[in-house]
Amino acid sequence: MTFDALAIRKDFPIFQRTIRDGKRLVYLDSGATSQKPQSVIDAESDFYRIHNAAVHRGAHQLAEEATDIYEGARETVAAFIGAKVDEVVFTKNATESLNLVAYAMGNAPVGNRFHLASGDGIVVTEMEHHANLIPWQQLAARTGASLSWFEVTPEGRLDLSKIDSVINERTKVVALTHQSNVLGTINPIAEIVKRAHEVGAVVVLDACQSVPHMAVDVKSLDIDFLAFSGHKAVGPTGVGVFWGKSELLSELPPFLTGGSMIETVTMTGATWAPAPKKFEAGVPNMAQAAGLGAALKYLSNVGMEQIHQHEIALTSYLLDKLSQVDGLKIVGPTSMESRGGSISFTFGDIHPHDLGQFLDSQGIAVRTGHHCAWPLNRKMGVVATTRASLYLYNTLEDCDALVAGVNDAHRYFAR
Ligand SMILES: Cc1ncc(COP(=O)(O)O)c(C=O)c1O
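If you're matching positions, the sequence shown starts at 778 in our numbering and goes up one per residue.
Dropping the structure here:
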């Protein structure tokens, strides 16, 4: 199949509408959430219209159909990231997946490999989204473990020059983002995983900005845990994925407890069902999982490699055009080496919020602010940025519209 972004746009009903008095929608905010194709909307609504019942429980046909759809979605996710089916846990989003693993480690008793105490170390990076920073800060505070981090260079890359001392014999967990939601930087996972495993630490990968945009295979990355959100991967809101190696999931204590996650229960205690059920207490987000299954099938049909190449072409084009705008400063790598399609920038003394509002008046949707990465903004010496984030349905015309919008904003605010 040849890649055709215009044909892809036709699969997404939202592009049929106009914005701000009849303007074409230029959606450059997929880093926050992506748009949804009709097949995803149908899968979610069909679940409610035709199949709705509680999975794993009922003795009737609807429950059987619902269970098949829900478990079918798990198989689709597993195939998409190269995992075993029972290693895939549905959560509500990446934030919950990351909290799940951090809280579960906090629940680990003495003798469990995930037990943390004073003297142990947790390593993160300065470019983490708050979702992959605060749960680790909290875990450190609860257990007495120390939190340390890789710094970010002025170009927006991880500084790995001190990797052997940052990840050391005391390190138990290394949690980092695959691709920065602000800078677009794709991190050198292999080198970090190698060092982490040398000292016996596990690697938790926040793949929120990578799984939707490039082929991600958990086996070849050799990571231990991974998290992503359905809604950034053309799927519905309310569903995320937590993945872990099966031998680790069997040792990891549960996070939420209650129905569906148990093996036996007495008045004084309980034992746990094996993963993934151990981590899916209560009636789960069934319709959303159905939608996520449809989303990943949609992305697979288009082809992850083709999506990635399309985004590289657009990012390279847009970086080049934006770097020619006087007064505009890219925050993050300006070369295409290990870089994805999130482009953050400042523009002279125009505040990003003013710029965002001006662009919106032209039908162009961007994100402005600190992008839930406050420490990173401080490190890069900015209070806020404007961010354009690209996806499979964007075109060169969208990139041109942004550049024209930025130039118009310059004229408007200079008045
Ligand atoms: C890198 C990264 N991690 C985590 C998250 C949190 O995702 P969610 O809000 O869907 O849980 C985001 C969302 O923007 C993100 O970009």
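The C-beta atom is built at its ideal place from N, Cα and C for all residues, glycine as well. The structure displayed is predicted, hence computed values, not measured ones.
query: Sorted by chain position, which residues of the same chain lie with C-beta nearer than 7 angstroms to residue 1141's C-beta, five sequence neighbours on each side aside?; result: 803, 805, 1178, 1179 and 1182
query: Is it true that the stretch 1068-1079 meets the stretch 813-831, where meeting means three or more beta-carbon pairs spaced less than 8 angstroms apart?; result: yes
query: Taking 8 angstroms as the threshold (C-beta atoms), are residue 953 and residue 1028 in contact?; result: no
query: Judging by CA-CA distance, which residue of 926, 810 and 1122 is the nearest neighbour of residue 1111?; result: 1122
query: May I ask you to check if the CB of residue 1006 is nearer than 7 angstroms to at least one heavy atom of ligand 1?; result: yes
query: Could you tell me the distance, in whole angstroms, from the CA atom of residue 784 to the CA atom of residue 932?; result: 36 angstroms
query: On the premise that residue 1058 lies in contact with residue 1043, defined as a C-beta separation below 8 angstroms, what is that separation, rounded to the nearest angstrom?; result: In fact, because the Cβ distance is near 18 angstroms, the residues do not count as touching under 8 angstroms.
query: Are the stretch 1017-1024 and the stretch 791-802 touching by the rule of at least three beta carbon pairs closer than 8 angstroms?; result: no
query: Taking 8 angstroms as the cut-off, decide whether the C-beta atoms of residue 875 and residue 882 are in contact.; result: no
query: Of the choices 1005, 956 and 1078, whose alpha-carbon is the least far from that of residue 1120?; result: 956
query: Am I right that residue 1170 and residue 789 are in contact with their C-beta atoms under 8 angstroms? What's the rounded C-beta distance?; result: 6 angstroms
query: Comparing alpha-carbon positions, which option in 1092, 880 and 1014 lies nearest residue 1066?; result: 1014
query: Could you give the residue range of the beta strand (DSSP E) that holds residue 1106?; result: 1105-1108
query: With the cut-off set at 8 angstroms, would you say residue 966 and residue 1000 are in Cβ contact?; result: yes
query: Given 7 angstroms as the limit, tell me if residue 920 has its C-beta closer than that to any heavy atom belonging to ligand 1.; result: no
query: Residue 1040 lies in the beta strand (DSSP E); which residues open and close that run?; result: 1039-1042
query: May I ask you to check if the CB of residue 896 is nearer than 7 angstroms to at least one heavy atom of ligand 1?; result: no
query: Using only the alpha-carbon positions, how far apart do residue 1186 and residue 1126 sit?; result: 12 angstroms
query: Ends of the beta strand (DSSP E) at residue 1133?; result: Segment 1129-1138 is the alpha helix (DSSP H) holding residue 1133; no beta strand (DSSP E) there.
query: In or out: residue 852 buried (at least 16 other Cβ within 10 Å) or exposed?; result: exposed
query: Indicate the three-state DSSP secondary structure (helix, strand or coil) for residue 939 in the structure shown.; result: coil
query: Would you call the stretch 922-931 and the stretch 894-904 touching, i.e. three or more CB-CB distances under 8 angstroms?; result: yes
query: So residue 1164 is in the beta strand (DSSP E); what residue range does that whole segment cover?; result: 1162-1166
query: So what's residue 952 in DSSP terms, helix, strand or just coil?; result: strand
query: Please tell me whether, using a cut-off of 7 angstroms, the distance from the CB of residue 1078 to the nearest non-hydrogen atom of ligand 1 is below it.; result: no
query: If contacts are defined as beta-carbon pairs under 8 angstroms, then residue 974 and residue 1088 qualify, I think. What distance do you get, rounded to the angstrom?; result: That belief does not hold up - the Cβ atoms of residue 974 and residue 1088 are roughly 30 angstroms apart, past 8 angstroms.
query: Am I right that residue 1163 and residue 1129 are in contact with their C-beta atoms under 8 angstroms? What's the rounded C-beta distance?; result: 4 angstroms
query: Skipping 5 residues on each side, what residues in its chain have a beta carbon closer than 8 angstroms to that of residue 1104?; result: 1124, 1125 and 1187
query: Bridge partners of residue 925, per DSSP?; result: 900
query: So what does residue 866 bridge to, in DSSP terms?; result: 1019
query: Below 6 angstroms CB to CB, which residues in the same chain sit around residue 1047 once its five sequence neighbours on both sides are set aside?; result: 1039
query: Which residue comes first and which comes last in the alpha helix (DSSP H) that contains residue 878?; result: 871-883
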